[in-house]
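S.K.: In this note's numbering, the protein residues as written are 26 to 249. Yeah, the Cβ is synthetic: ideal placement off N, Cα and C, and Gly gets one too. Here it is, the structure, as structure tokens.
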Amino acid sequence: MLLSTAIPPSRVVRRRCLSEVIVDNVDADVLLVIDVQNDFCAGGSLEVPGGDDVVPLINEIAQDFRHVVLTQDWHPPRHLSFASSHKGSEAFSQIDLPYGPQTLWPDHCVQNRPGAALHKGLNVPHTELIIRKGFRREIDSYSAFFENDHKTPTGLAGYFKERGFKKVYLAGLAFDYCVRYSAEDAKSLGFETLVIENACKAIDFNGSAEATRKLFRYRGIDLI
Ligand code: VGL
Ligand code: ZN
Numbered sequence: 026m027l028l029s030t031a032i033p034p035s036r037v038v039r040r041r042c043l044s045e046v047i048v049d050n051v052d053a054d055v056l057l058v059i060d061v062q063n064d065f066c067a068g069g070s071l072e073v074p075g076g077d078d079v080v081p082l083i084n085e086i087a088q089d090f091r092h093v094v095l096t097q098d099w100h101p102p103r104h105l106s107f108a109s110s111h112k113g114s115e116a117f118s119q120i121d122l123p124y125g126p127q128t129l130w131p132d133h134c135v136q137n138r139p140g141a142a143l144h145k146g147l148n149v150p151h152t153e154l155i156i157r158k159g160f161r162r163e164i165d166s167y168s169a170f171f172e173n174d175h176k177t178p179t180g181l182a183g184y185f186k187e188r189g190f191k192k193v194y195l196a197g198l199a200f201d202y203c204v205r206y207s208a209e210d211a212k213s214l215g216f217e218t219l220v221i222e223n224a225c226k227a228i229d230f231n232g233s234a235e236a237t238r239k240l241f242r243y244r245g246i247d248l249i
């Protein structure tokens, strides 16, 4: 059941939802849903194992949040993170770009193509903002806040601050890439940061899922 808009902003609401999340102050909380797009789900070009399974969970969890923001990976054709943009390079290999090492991916989430669309089962009508990232050809953007040079902002930090959000709950795809980098940046930016693990799925490339869990513990990012 959607929290009624009649609840005054200051009222402390303690209500358990599917993931055992307790939403304390609805107006300072935001659910940030990362990249629930066709290319990361079953049959997509960069399929995350079990990616589709997060959709019903996110639909349910979102009902406990007054504020929800979605992200969309949104690359131009021939984006530099695509292995196909580098002759002789294989997907999942690494190259060095001016901003540091970059994993090369299969072509995915190309602007306006069906693979970039949000999963059709995602049903969060009260979503307030959909922010796109990765639209500069020369630079990838895992995080919802900063591109992979860790400098170029997406504008989301300013939006969150201006909206008065203090606590960011994350869910979506992929746990060990875009969710991870978004959570790290949220924490560095001073937001209380919580990752709803059962509403995420990992690519789990070279142990990256376990490395992400360790890093979250070290960084004080709560896994719930
Ligand atoms: C992602 C790899 C490349 C993600 C996006 O959403 O985790 N991963 N682009
Ligand atoms: Zn991408």
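Exposed or buried, A250, counting other C-beta atoms within 10 Å across all chains shown (16 or more means buried)?
M.R.: An answer regarding residue 250 cannot be provided, because it is not within the stretch 26 to 249 covered by the chain.
S.K.: The ligand SAM and I59: does any heavy atom of the ligand fall closer than 7 Å to the residue's C-beta?
M.R.: The ligand content of the structure shown is limited to the ligand VGL and the ligand ZN, which means the ligand SAM is not among them.
S.K.: Helix, strand or coil, according to DSSP, for V149 in the structure here?
M.R.: coil
S.K.: Under a Cβ-count criterion, where at least 16 other Cβ atoms within 10 Å of its own Cβ denotes burial, should A141 be classed as buried or exposed?
M.R.: buried
S.K.: Please report the straight-line C-alpha distance between P33 and P126, rounded to a whole angstrom.
M.R.: Its pLDDT being 40, under 50, P33 is placed unreliably by the model, and the measurement read from it follows with that caveat. The straight-line gap from Cα to Cα measures roughly 47 Å.
S.K.: Within a Cβ cutoff of 6 Å, which residues of the same chain sit near G75, ignoring the five residues on either side of it in sequence?
M.R.: K226
S.K.: From the DSSP output, in three-state form, read off R157 for me.
M.R.: R157: strand per DSSP, three-state reduction.
S.K.: Tell me the residue span of the beta strand (DSSP E) that contains K206.
M.R.: The sequence as given places Tyr at residue 206; Lys does not occur at that position. Segment R205 to S213 is the alpha helix (DSSP H) holding Y206; no beta strand (DSSP E) there.
S.K.: Considering only heavy atoms of the ligand ZN, does any lie closer than 7 Å to the CB of D98?
M.R.: yes
S.K.: Taking the Cβ atom as the reference point for each residue, do S166 and T179 lie within a distance shorter than 8 Å?
M.R.: Their beta carbons are under 8 Å apart, which means S166 touches T179 by this criterion.
S.K.: Less than 8 Å between the CB atoms is what I'm expecting for L259 and F65, so what's the real figure, rounded?
M.R.: This structure does not reach residue 259, given that the chain is present from 26 up to 249, and the question cannot be answered.
S.K.: What does DSSP give as the partner residues of W130 in its beta bridges?
M.R.: The partner list for W130 (beta bridge, DSSP) reads F107.
S.K.: Does the Cβ of C134 lie closer than 7 Å to at least one heavy atom of the ligand ZN?
M.R.: yes
S.K.: Counting only the same chain and skipping the five closest in sequence on each side, list residues whose C-beta sits under 6 Å from that of V149.
M.R.: A87 and V93
S.K.: Using a 10 Å radius around the Cβ and a threshold of 16 neighbouring Cβ atoms, would you call D77 buried or exposed?
M.R.: Buried is the call here.
S.K.: Based on the DSSP secondary-structure assignment, which residues constitute the bridge partners of H100?
M.R.: Answer is V135.
S.K.: Would the C-beta of G159 count as close to the ligand ZN, meaning under 7 Å from any of its heavy atoms?
M.R.: yes
S.K.: Under a Cβ-count criterion, where at least 16 other Cβ atoms within 10 Å of its own Cβ denotes burial, should Y202 be classed as buried or exposed?
M.R.: With 16 or more other Cβ atoms within 10 Å, it is buried.
S.K.: Given a cut-off of 8 Å on the beta-carbon distance, is the pair H100 and F185 in contact?
M.R.: No; because the gap between Cβ atoms is not below 8 Å, this pair is not in contact.
S.K.: When you compare the CB positions of S207 and L57, do they come within less than 8 Å of one another, or not?
M.R.: yes
S.K.: In or out: N137 buried (at least 16 other Cβ within 10 Å) or exposed?
M.R.: exposed
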